[in-house]
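Asks: Let me give you the structure first, and then I'll get to my questions.
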Amino acid sequence: MVHEDTSQGTFKLFVKRVWQKNLTVDGLPHLFWNPGGPGIPSGSDLDSGVEAFSDMLYTFTGNNYALVGIDARGTGLSDLKVDCGNDHSSILPDTPPQISGAEEVLFRQQLGKYFASETSYFANCTASSPYLSRLGTYFVADDYKHIQDVLVGRQSLINLFGESYGSFLGQVIAAKYPNRVGKFVLSGIMSPKTRSLKPALESIPDYLTSTDKVFDKFVSSCQQSSSCNYKDITKELVDKLTDSVYNTTNEAILQLYPARSKVVNTIYLTLYAPSNWNLAFGEISKTAAIMNTMGAVTNEQMNNAVAAINCADAFITDFSIDDAINAMKGVYNNVSRRFFNQFLYQSAFTCHLYPRATFTEERITNFSGLALSNKILFLSNAFDPILPLAQAQETVKILGDDNAMLLQIDNGYGHTATPNGVIPDTDGCIQDRLRAYFNGENNQDVYKCIVNDQYYIDLYN
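Written as structure tokens, this is what we have:
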């Protein structure tokens with residue numbers, strides 16, 4: 000599974016290339032697209048793949064690029080699928096509104112059963128898929144370099160537009176192949192320190208520092224809009240409805256959501272993209288207590304691949320149930336009272352449950368002291384609920400001013416600078432800055448764009 004050594008075995012990668020009809024692909028610069036996930040197939044996915052996002056990408060690059068999407072190993076139509084068997088019956092613990100008293104005792108019991116079930120399940124994964132650690136970003140970076148060599152030529156510069164996990168992939172490519180960095184635009188930034196150097200109970204809180212601010216904006220912008228039909232829905236009401244699901248005996252609710260944990264997670268997923276906010280309010284209004292999940296990956300095989308990719312990148316340490324509960328209490332007290340249960344939805348939270356020595360392959364942990372052939376342009380919303388601005392600022396500091404510059408979207412809410420492929424109203428600032436970057440017209444190291452606040456109010460029209 001090393002590109003230069005087929006004696007270890009071979010596998011297939013699915014690659015899709017898109018270009019303008021009136022152009023000949025030979026000679027065009029190529030731009031890779033990675034929408035994150037990790038594990039979203041950027042080649043074959045109909046909603047988030049390269050073809051679906053081509054209009055947005057061409058808005059920034061102009062038409063003279065061939066766009067390329069790759070289904071990463073283990074995902075989509077590529078080989079090395081993760082087979083863990085069909086019996087995955089682990090039940091997520093139902094996180095109470097507050098971890099204390101009798102509710103803490105029950106939660107502790109549920110968490111113990113969940114860990115035991117996941118331990119057994121991950122043993123099946125490892126036995127059936129011995130190449131799990133080869134799904135990590137260290138090796139995915141090699142795949143991108145290999146496809147670039149095949150499509151364009153050896154030693155050619157790699158261009159990448161990566162979002163969310165794609166931002167970390169870009170950093171790993173840069174660290175492994177610093178002389179191959181062409182135009183890298185990375186949005187919704189995942190700090191290498193958080194992903195690779197911090198154990199789970201320390202890293203997960205780093206992802207939650209902006210969630211409550213985005214939730215507040217999600218509600219308040221509706222209150223400010225003359226067109227919003229859901230002004231009776233306040234932050235307090237959403238919290239009350241969410242908490243009412245905990246330990247409920249209401250059959251109507253139980254048929255849709257058996258646990259408060261899942262209701263809180265659907266609200267969390269809504270925060271990804273302001274373009275979904277109006278729809279989310281409609282669902283709250285219809286169901287009174289719950290929302291339909293938006294943007295969640297439901298394919299079990301895909302979930303297994305995502306977990307393997309994340310764990311192959313992670314700094315894995317053992318911890319006890321007491322440690323986990325204390326970490327959640329810390330987030331409840333200091334970071335987010337609404338979304339502390341996100342520990343349960345982060346792959347890093349269960350990486351230590353895989354059999355010992357599952358993830359022993361090499362991984363990149365040093366991202367400083369590099370000499371890149373071109374500067375990377377990082378983009379971050381000031382209020383990103385998934386990967387907060389602080390991670391982007393930390394990443395730029397690690398890479399250094401010679402290698403990185405940051406475009407900060409002030410008053411930007413949602414995950415990545417273009418949530419769900421929607422470019423927010425910044426009076427053309429984002430478009431202008433990115434076009435300048437792709438045209439080589441960069442003379443600043445710090446950029447700022449400002450989203451018009453009316454943009455969020457108009458979402459409810």
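Going by my numbering, the residue at position 137 of the sequence shown is 136; the numbering climbs one at a time, nothing skipped.
C-beta atoms are modelled at their ideal positions from N, C-alpha and C, and glycine is treated no differently.
1. Tell me whether the beta-carbon of K182 lies closer than 9 Å to the beta-carbon of L159.
2. With distances taken Cα to Cα, identify the nearest neighbour of R355 among S132, I232 and V244.
3. Would you say N460 and S224 are within 9 Å of each other, going by their C-beta atoms?
4. Would you list the residues sitting across from D409 in a DSSP beta bridge?
5. Got a sec? Which residues, its chain only, sit under 6 Å from G84 by beta carbon, not counting five neighbours each side?
6. In whole angstroms, what separates the C-alpha of I90 from that of Q109?
7. Might you give, ordered along the chain, the residues of its own chain that have their beta carbon closer than 6 Å to the beta carbon of Y436, omitting 5 neighbours on each side?
8. When the Cα atoms are used, what is the spatial distance from T359 to L378?
9. Considering only residues of the segment 28-113, which uninterrupted beta strand (DSSP E) runs meet the minimum length of 3 residues and lie entirely inside it, listed in chain order?
10. Report yes if the C-beta distance between G73 and R362 is below 9 Å; otherwise report no.
11. Using a Cβ-Cβ cut-off of 8 Å (strictly less than) and excluding sequence neighbours within five positions of E393, which residues of its own chain qualify?
12. With E465 as the anchor, note down where its alpha helix (DSSP H) starts and where it stops.
13. So H29 packs on V104, CB below 8 Å; how close in whole Å?
14. Looking only at its chain, what residues have a beta carbon closer than 7 Å to the beta carbon of T297, apart from the 5 residues adjacent to it on each side?
15. Since T364 and L196 should fall inside the 8 Å C-beta cutoff, what is the C-beta to C-beta distance between them, to a whole number of angstroms?
16. Looking at S319: is its Cβ nearer than 9 Å to the Cβ of P92?
17. For T357, tell me which candidate among S226, F348 and A307 has the shortest Cα-Cα distance.
18. Please report the straight-line C-alpha distance between Y229 and F280, rounded to a whole angstrom.
19. Put F280 into one of helix, strand or coil per three-state DSSP.
20. Is I157 near the ligand COA, with its Cβ less than 8 Å from a heavy atom?
21. Which residue comes first and which comes last in the beta strand (DSSP E) that contains A370?
22. What does a CB cutoff of less than 6 Å around C227 pick up in its chain, not counting 5 residues either side in sequence?
23. Look at N33 and S43 and say whether their C-beta atoms are less than 9 Å apart.
24. Whose C-alpha, out of I315, D401 and F338, is nearest the C-alpha of L268?
25. If I measure Cβ to Cβ from V213 and keep anything under 6 Å in the same chain, skipping five residues before and after, which residues do I get?
26. I188: which of D25, T23, G161 and M327 sits nearest, CA to CA?
27. Given a cut-off of 9 Å on the beta-carbon distance, is the pair V67 and N303 in contact?
Replies: Judging by the given coordinates:
1. Yes; because the gap between Cβ atoms is below 9 Å, this pair is in contact.
2. Nearest C-alpha to R355: S132.
3. In this structure, the beta-carbon distance from N460 to S224 falls below 9 Å.
4. Its beta-bridge partners are I449.
5. Hits under 6 Å: N123.
6. Rounded to whole angstroms, I90 to Q109 spans 8 Å at the Cα level.
7. Hits under 6 Å: L376.
8. So the two alpha carbons sit approximately 32 Å from each other.
9. Every beta strand (DSSP E) of 3 residues or more that sits fully in the segment 28-113 is shown, in chain order, as 29-33 and 65-70.
10. It is not a contact, given that the beta carbons lie outside the stated cut-off.
11. Sequence-distant Cβ neighbours of E393 in its own chain, meaning closer than 8 Å and more than five residues away, are S190, K192 and T193.
12. Outside the modelled stretch of the chain, which goes from 0 to 460, sits residue 465, for which no answer is possible.
13. The C-beta distance from H29 to V104 rounds to 57 Å, too long to fall under 8 Å, and the pair is not in contact.
14. With a pLDDT of only 43 at T297, under 50, the local geometry of the prediction cannot be trusted, and the value read off the model is given with reservation. By the criterion of a C-beta distance shorter than 7 Å, T297 is surrounded by no residue of its chain, once the five residues flanking it on both sides are discounted.
15. With a Cβ gap of about 6 Å, T364 and L196 count as contacting.
16. Result no, Cβ atoms of S319 and P92 do not sit closer than 9 Å.
17. The option with the nearest alpha carbon to T357 is A307.
18. For Y229 and F280, the distance between alpha carbons rounds to 7 Å.
19. Assignment of F280 by DSSP, reduced to helix, strand and coil, places it in the helix class.
20. In the structure on display, the ligand COA does not appear, and there are no ligands present to speak of.
21. Neither: A370 is in no beta strand (DSSP E) and is coded neither H nor E.
22. C221 and Y459, listed in sequence order.
23. N33 is not a Cβ neighbour of S43, given a cutoff of 9 Å.
24. Closest by C-alpha distance to L268, out of I315, D401 and F338, is F338.
25. Closer than 6 Å at the Cβ level, and outside the excluded window around V213, lie L270, F382, P384 and Y412.
26. Taking the Cα of I188 as reference, the smallest distance to any Cα among D25, T23, G161 and M327 is reached at G161.
27. Their beta carbons are not under 9 Å apart, which means V67 does not touch N303 by this criterion.
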